[in-house]
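Sequential numbering of the sequence shown, starting at 0, is according to numbering that gives the first Met the number 0. Beta carbons: idealized from backbone N, C-alpha and C, even for Gly. Only one structure is covered here, and it is reproduced in the block below.
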Amino acid sequence: MAELKTRLDAANRKDVVDDVVALIDAEVQGKSGLSGVALKGGYSVVKRLKGGRMIHEAADALLDPFAEALDPLYVAFLEDDGASSFETYLKPRSDEATQALLGITDARVDRAEKKVIIKTYGKLRGQAEKHVAEAVPGVGRLIDKYAPKGA
Numbered sequence: 000m001a002e003l004k005t006r007l008d009a010a011n012r013k014d015v016v017d018d019v020v021a022l023i024d025a026e027v028q029g030k031s032g033l034s035g036v037a038l039k040g041g042y043s044v045v046k047r048l049k050g051g052r053m054i055h056e057a058a059d060a061l062l063d064p065f066a067e068a069l070d071p072l073y074v075a076f077l078e079d080d081g082a083s084s085f086e087t088y089l090k091p092r093s094d095e096a097t098q099a100l101l102g103i104t105d106a107r108v109d110r111a112e113k114k115v116i117i118k119t120y121g122k123l124r125g126q127a128e129k130h131v132a133e134a135v136p137g138v139g140r141l142i143d144k145y146a147p148k149g150a
């Protein structure tokens with residue numbers, strides 16, 4: 000059963016995607032140091048692609064696979080009487096959530112035909128793990144907003 004996907008589908012998808020993009024924007028802007036400068040520079044380039052719609056389109060395309068990847072954690076959260084928010088529930092399970100989300104992008108890259116995509120992703124994958132882990136609480140808050148327990 001795809002409980003999380005079903006609940007997110009019941010929400011206004013545009014609002015969910017807009018909030019996903021806002022979360023990504025905030026995470027990128029919060030980065031510092033040399034790697035943060037590089038990440039911000041690359042992100043600003045990507046944001047301009049497809050007439051400024053690239054990030055929205057990617058977030059929309061990945062929403063369902065990400066929801067399906069997080070579904071086992073979400074269902075366990077719903078069944079845990081002691082868990083009041085998905086954000087809090089994910090904190091001790093951050094590694095599991097991170098790997099679930101990155102498993103989706105890993106699979107997409109595995110199907111990529113362009114070697115430059117495969118090579119670039121391979122170089123960034125290690126850092127991506129750290130950045131995704133840092134974003135997991137925000138993902139939990141977003142899910143709490145659109146698919147709260149008891150709704």
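{"Item": "Can the beta-carbon of Ser84 be found closer than 7 Å to that of Asp143?", "Value": "yes"}
{"Item": "Using a Cβ-Cβ cut-off of 7 Å (strictly less than) and excluding sequence neighbours within five positions of Arg140, which residues of its own chain qualify?", "Value": "Glu86"}
{"Item": "Could you compute how far the alpha carbon of Val15 sits from the alpha carbon of Arg6?", "Value": "11 Å"}
{"Item": "On the DSSP letters alone, give me the boundaries of the alpha helix (DSSP H) that Gly125 sits inside.", "Value": "Lys114 to Tyr145"}
{"Item": "Whether or not the segment 66-75 and the segment 95-108 are in contact is what I'm after, with contact meaning three or more pairs of Cβ atoms, one per stretch, closer than 8 Å; do they touch?", "Value": "yes"}
{"Item": "Tell me, to the nearest whole angstrom, how far the beta carbon of Asp79 is from that of Tyr73; I am working on the premise that it is less than 8 Å.", "Value": "Actually they do not touch by this definition, with Cβ atoms about 11 Å apart."}
{"Item": "With distances taken between CB atoms, is the gap from Ala134 to Glu26 smaller than 7 Å?", "Value": "yes"}
{"Item": "I'd like the span of the alpha helix (DSSP H) that includes Gly35, first residue to last.", "Value": "Gly32 to Gly51"}
{"Item": "For Phe76 versus Ile103, is the C-beta spacing smaller than 7 Å?", "Value": "no"}
{"Item": "CB-CB under 6 Å to Val19, same chain, minus the five flanking residues each way: which ones, in chain order?", "Value": "Ala58"}
{"Item": "Alpha carbons only, please: which of Lys129, Gly149, Val131 and Lys49 is nearest the one belonging to Gly81?", "Value": "Gly149"}
{"Item": "Taking the beta carbon of Ala146 as the centre, do at least 16 other beta carbons fall within 10 Å, making it buried, or is it exposed?", "Value": "buried"}
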